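Scroll down for the structure; my scribbles are underneath it.
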Amino acid sequence: MQSEAAIPVLSVRDLTVEFVTRRGTLRALDRVSFDVARGEVLGVVGESGAGKSVTGSAIIGLIDPPGRIAGGEVVLSGERIDNLPDEAMRKVRGRRIGMIFQDPLTSLNPLYRISEQLIETIRVHTDLSAAQARARAIALLDEVGIPAPERRIDSYPHEFSGGMRQRVVIALALCAEPDFIIADEPTTALDVSVQAQIIALIKRLCKERGTSVMLVTHDMGVIAETADRVAVMYAGRVAEIGPVRDVVKAPLHPYAKGLMGAIPSLEGEAKRLVQIPGTMPRLSAIPPGCAFNPRCAQVFARCHVEQPELIAVGDRRVACHLYDMPQSLHDASHGKPEIAA
Amino acid sequence: MLAYILRSLMQGLVVMLAVAFIAFSMFRFVGDPVVNMLGQEATLQDRAELTERLGLNDPVPLQFARFVGDAAQGDFGISYRQGRKVSSLILERLPATVELAVLSAIFAFVLGVALGVYAAIRRDGWIANLVMSLSLIGVSLPTFLIGIGLIYIFAVELRWLPSFGRGDTVALGWWTTGLLTASGLKSLIMPVLTLGFLQLTLIMRLVRSEMLEVMRADFIRFARARGIPERRIEFRHALRNTLIPVITIAGVQLGGVIAFAIVTETVFQWPGLGALFVNAVQFVDVPVMSAYLLFVAFVFVLTSLIVDLIYVALDPRLRSGNPAMAK
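Encoded structure:
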């Protein structure tokens, strides 16, 4: 039924990650599901600790012990990868899934030249000779906007500025032309003036190559500008996922509404920024029912007992009981749920 | 980079001068050199003559300058007890100590790094745990006990190895070596194990903890995310980063091995500098003691200089002339 193009590059189903600690098992991801289509940029937003980075680590198979994937599956271009043996998974990393980390200052090995790190990565994944790999590395550096790449390639990481290092990191992630890139807060550690350049670079490169991106960030501006779709995460669960226009302009989930309300806007009259009261629960103390219920303005009885599943509302899916209420159960005091603003 | 080396050299020079001052002071505070040389029954005139001849009436700074000048040319005076030049006594004993110490250092460093890396990679394996437990014993056992234990097992009970001395040596010019004869090599085994064991365990534990630390670094994670094989990550990316702090500490420790082989040399009747020093202390032979003090300082300064150079070779951040970039 599905054509070749319609198979998502990445499909995550009910992904659950647990950390076994002395004080019990903490669930960092709870049945997270989403797809990323070919060439699509999926933004993943949420507060610190919402599970954004863990999702990226789980997909690429780099969850550090005592964490482990406790359930669900990760399917890359139709092939399940979460249960691959170590060696097979290593070949997926870099070759089919690339990853860009947050801090370019610490992502590069300080003791090796850029050329050594690039050529090493290229040769691990291809049959190129050292000379060919070097030529390719220079071409890559040129592509990510490093000036005079044939000269700069033999520099050490500390000889580059932060923004330039992040370009090198991007070149390293793209070395073997992966189909899918996980960018974990790629601009958080950079100067504001450089952030836009790096985002534009990632966007351009992935568009040219048809690479799909999972862009993890807590910068809504970056999401609005870059992503095609956005997933809002809260306490290890997906709260809402859908096209970026809809979710940013007219969020459904009360948490997503809060998140969007907290973004300052320069256009229009100066509105008061809306804060979400309280803080996200710790993993060890997630309330029963909907994890957001202590902070939700529209909370009602069902939210305390039943965990909401993702349900389709138009083009998007949202995990909130407000959109799944049989008429008979309507709580009169809250009135009809407002679906769009 | 040149400035870096020059600064290391200057620091070494200052250390040497400070130690030279202490060594110089020993002559004045540890007994009276005139009495030591002439004995109790000398006449007052003899004493006055010798005092004048030794230059002991000159101002102290001048005496110190003369002492430093002589020492720099390898002249440490005459041994009170043996009546021979201290420099030739030291040269005679030097090969035995150097061979013992260098072999111990190599043994400790090579095996220490190998076992440390193994213990870090196979962190939860039973062999790694066994090695770690044994290393704890190594850290806490005193050196002489290891030496005596080895002598008991391999010399007394099994009769495989000689319990004392260097065995037969071959003279290469003024240098005598025990490395070219079977008995010389056999004689080296136990002293080398004894002297190197403590350093081995310290280096091993240090390598293990540093390596575990490095394996948590972002660039290791990023290397994994690029699909670099695990062996390559461990031995190429992690090991070199591990060795930088290890070499600093190991260098100072190995300097200590060369300098303080005293206990091991005493246990094995090793005819080296340590034994010379122990004898000198017994007979208050101040010229030998002060020369030994200078030798120890020199070894430390030299090893730390070599460590600095290795440091530069390993860490490109130092080569670009800004040491502040290195963390």
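Top to bottom, those sequences are chains A and B.
Residue numbering for the first sequence follows the numbering used here, beginning at 79 and increasing consecutively.
Residue numbering for the second sequence follows the numbering used here, beginning at 59 and increasing consecutively.
Just so you know, even glycine gets a beta-carbon here, dropped at the ideal spot from N, CA and C.
Predicted, not measured: the structure shown is a model, and the values here were computed from it.
- Taking a 10 Å sphere around the C-beta of GLN180(A), we find 16 or more other C-beta atoms and assign the residue as buried.
- With respect to the C-alpha of ALA313(A), the residue from ILE280(A), SER362(A), ILE141(A), ARG201(A) having the closest C-alpha is SER362(A).
- Apart from sequence neighbours up to five positions away, the residues of its chain that approach SER111(A) with a beta-carbon distance below 8 angstroms are VAL90, ARG91, ASP92, LEU93, GLY150, VAL316, LEU388, ordered along the chain.
- Here MET311(A) is bridged, per DSSP, to VAL316(A).
- Scanning the region 210-296 of chain A from its first residue to its last, the whole alpha helix (DSSP H) runs of 4-plus residues come out as 227-230, 240-252, 270-287.
- In terms of CA proximity to THR304(A), LEU120(A) leads the group LEU120(A), ARG100(A), GLY124(A).
- PRO303(B) has a beta carbon lying at 8 angstroms or more from every beta carbon in chain A.
- According to the DSSP secondary-structure assignment, PHE212(B) is paired through a beta bridge with no residue.
- Counting along the chain, ILE137(A) sits inside the alpha helix (DSSP H) bounded by residues 130-138.
- Secondary-structure assignment with DSSP links ILE192(A) through no beta bridge to anything.
- Burial is judged here by how many other beta carbons sit within 10 angstroms of a residue's own beta carbon; VAL214(B) has fewer than 16 and is exposed.
- For VAL110(A), no alpha helix (DSSP H) segment is defined; the enclosing uninterrupted segment is the beta strand (DSSP E) at 102-114.
- The Cβ atoms of LEU196(A) and LEU218(A) lie closer than 8 angstroms to each other.
- Counting only runs of 4 or more residues that sit fully inside the region 173-236 of chain B, the alpha helix (DSSP H) segments are 184-198, 201-208, in chain order.
- Counting C-beta pairs closer than 8 angstroms gives three or more between the region 319-328 of chain B and the region 148-165 of chain B, which meets the contact rule.
- In the displayed model, ALA390(A) falls within a strand according to three-state DSSP.
- Taking 8 angstroms as the CB threshold, CYS284(A) stays off the interface with chain B.
- Residue range 344-372 is occupied by the alpha helix (DSSP H) that includes SER362(B).
- Interface criterion not met: the Cβ of ILE137(A) is under 8 angstroms from no Cβ in chain B.
- Residues of chain B whose Cβ lies closer than 9 angstroms to the Cβ of VAL202(A) are, in chain order, ARG284, GLY285, ILE286, PRO287, ARG290.
- Contact annotation: TYR369(B) and LEU376(B) have beta-carbon atoms nearer than 8 angstroms.
- Comparing alpha carbon positions, the residue from LYS335(A), ARG100(A), GLY124(A) closest to ASP297(A) is GLY124(A).
- Secondary structure note for ARG139(B): it is in no alpha helix (DSSP H), with a DSSP letter that is neither H nor E.
- Membership of ARG146(A) in the beta strand (DSSP E) is indicated by the continuous run 145-154.
- By the 16-neighbour rule on beta-carbons within 10 angstroms, MET59(B) is exposed.
- In the displayed model, VAL396(A) falls within a strand according to three-state DSSP.
- No Cβ-Cβ contact shorter than 8 angstroms links ASP257(A) with ARG171(A).
- For PRO163(A), the secondary structure class from DSSP, reduced to helix, strand or coil, is coil.
- In the three-state DSSP reduction, GLU118(A) falls in the coil class, being neither helix nor strand.
- Remark: C-beta atoms of ILE354(A) and ALA340(A) approach each other more closely than 8 angstroms.
- Under the Cβ criterion of 8 angstroms, ALA275(B) is counted among the residues facing chain A.
- Closer than 8 angstroms to the CB of TYR401(A) there is not a single CB belonging to chain B.
- Closer than 9 angstroms at the C-beta level to chain B, one finds these residues of the region 243-254 of chain A: VAL247, LEU250, ALA251, CYS253, ALA254.
- Look at the region 152-177 of chain A: the residues with a C-beta under 7 angstroms from a C-beta of chain B are ARG168, LYS169, ARG171, GLY172, ARG173, MET177.
- Taking a Cβ-Cβ threshold of 9 angstroms, none of the residues of chain B is close to THR133(A); the smallest such distance is about 14 angstroms.
- Of the residues assessed, GLY231(B) falls on the exposed side of the cut-off, its CB having fewer than 16 other CB atoms within 10 angstroms.
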